[in-house]
Every structure is written in structure tokens, then in C-alpha cells.
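Quick note on full-length UniProt numbering: the sequence shown kicks off at 1 and runs consecutively.
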Amino acid sequence: MKESDYDYYVHWEKFDRRLDCWLAYKNLRLLDEEPNDGYPCIREIDNGESDHDDHAGIDKEYLREHEENTKLKTINQIKFGKYLIDTWYFSPYPKEYQNIDILYICEFCLSFFKENEELLRHTEKCEIRHPPGNEIYRCDNISIFEIDGNYFRIYCENLCFLSKLFLDHKTLKHRVNLFYF
Numbered sequence: 001m002k003e004s005d006y007d008y009y010v011h012w013e014k015f016d017r018r019l020d021c022w023l024a025y026k027n028l029r030l031l032d033e034e035p036n037d038g039y040p041c042i043r044e045i046d047n048g049e050s051d052h053d054d055h056a057g058i059d060k061e062y063l064r065e066h067e068e069n070t071k072l073k074t075i076n077q078i079k080f081g082k083y084l085i086d087t088w089y090f091s092p093y094p095k096e097y098q099n100i101d102i103l104y105i106c107e108f109c110l111s112f113f114k115e116n117e118e119l120l121r122h123t124e125k126c127e128i129r130h131p132p133g134n135e136i137y138r139c140d141n142i143s144i145f146e147i148d149g150n151y152f153r154i155y156c157e158n159l160c161f162l163s164k165l166f167l168d169h170k171t172l173k174h175r176v177n178l179f180y181f
């Protein structure tokens, strides 16, 4: 096999991991080559000590294990309703849903699927049209629901999987039945 037969996982040093991505060989350049116009603006991370520590209160061993286990983003995009959204981080969806380009998610019940056809079959039967729980706020076309993880465990677990795609330090080690969402 040639080097052009592979995709390469790229981590941008000194930058947030949400920018990590798989790139085809043709999209790579050598370090001494000048970049083309059109590279996305990316913000540099200050790795020095600061007054505001994102990891304050987190066990160092847990943080090291988290970094190792979430190093590679394995779901590149999600299809959520009419939107195709680039993901930022790894989320521990079940193994059979890892290493795919697009994960299809029901916008109502948050069930997830590997194929669009599976989602389409599901949406024909899905009777949910809003989050479970109690609507606690409404203004125009915005509604906020309070969801008890004890009563709606599967929905809340799926919500955690979904949110982890966009929050680097969201932990999924706690049981959802202990929380309101």
C-alpha cells in the first residue's frame, strides 16, 4: 500500500482537540511548505497555568485516563433533523457505532443509527414530538424541558452521548438517574 492509500489522524499542537480530524494524504503538506489560503482560523490554547483551570477538582489519574481514552474522534458528523453537524470530540457510543463518518440521530427521542434508512424507518414509528419531562419555560418558538434521569433514563443517556460530542470534559461515569437535565 502507498502512503496515499491511507487517511491520517491530525492533531494540531497547541490547539483545542475539537479541531482534530482525519485527512486524506492529498490534503496534507510538509512542515516546510507554505499553507494555502483558506485554512480555518483556530485558536491557540495557553498550556501554562492560569487563574481559571478547566480541570479544577478533577482527579489527575482520571484526567490522564480520559485524555488517553478520548484521543481519537471516531464519529465525524451527526445528522440531526435537517442538519449535518461536524462533531468536535469523542463520545463513548456503543462500539458498533464508532468509526463511522455520519451517525444518524432522531431529533425527537435521540435514538441513534448507523444508516439513514434505519433512521427513516424509525421516524415512521416514533411517536415522540418533544423531549419527555416537564416544559418549564416557553418564549415564542423556544421551549425548555426539565427531564428527570430517574424516569427517562434512556433519553438522558442518549442526551449525554450527544452532548459529549461537543463537550470535551463532559463525564459519563455517573448514572443518569441521579440527575435532572
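Here a beta-carbon is modelled for each residue, glycine too, at the ideal position from N, C-alpha and C.
All of these numbers come straight from a predicted model, not from anything done at the bench.
Cα-Cα separation between residue i and residue j, rounded to whole angstroms
i, j, result
"residue 161", "residue 121", "22 angstroms"
"residue 153", "residue 177", "6 angstroms"
"residue 123", "residue 15", "39 angstroms"
"residue 143", "residue 101", "31 angstroms"
"residue 29", "residue 95", "32 angstroms"
"residue 75", "residue 91", "8 angstroms"
"residue 46", "residue 125", "Low confidence applies here, because residue 46 scores a pLDDT of 44, under 50, leaving its location unreliable; read the following figure in that light. C-alpha separation (whole angstroms): 49 angstroms."
"residue 50", "residue 116", "Any reading at residue 50 must be qualified, since the residue scores a pLDDT of 43, below 50, and its modelled position is unreliable; the value itself is stated next. Rounded to the nearest angstrom, the two C-alpha atoms are 45 angstroms apart."
"residue 149", "residue 87", "24 angstroms"
"residue 99", "residue 168", "18 angstroms"
"residue 4", "residue 27", "10 angstroms"
"residue 1", "residue 21", "22 angstroms"
"residue 12", "residue 19", "7 angstroms"
"residue 72", "residue 33", "26 angstroms"
"residue 133", "residue 151", "9 angstroms"
"residue 163", "residue 78", "12 angstroms"
"residue 131", "residue 175", "19 angstroms"
"residue 106", "residue 147", "17 angstroms"
"residue 141", "residue 82", "17 angstroms"
"residue 114", "residue 93", "11 angstroms"
Cβ pair residue i, residue j closer than 8 angstroms
i, j, result
"residue 80", "residue 97", "no"
"residue 6", "residue 25", "yes"
"residue 118", "residue 104", "yes"
"residue 89", "residue 23", "no"
"residue 179", "residue 159", "no"
"residue 108", "residue 138", "no"
Whole-number beta carbon distance between residue j and residue i, since they are thought to touch under 8 angstroms
i, j, result
"residue 84", "residue 155", "Not a contact, Cβ separation roughly 23 angstroms."
"residue 145", "residue 157", "Residue 145 to residue 157, Cβ: 16 angstroms. No contact."
Those residues which DSSP pairs with residue i across a bridge
i, result
"residue 9", "22"
Every unbroken beta strand (DSSP E) within the UniProt domain "MYST-type HAT" (70-181), with a cutoff of 3 residues, ordered by chain: 75-80, 83-86, 100-105, 134-139, 142-146
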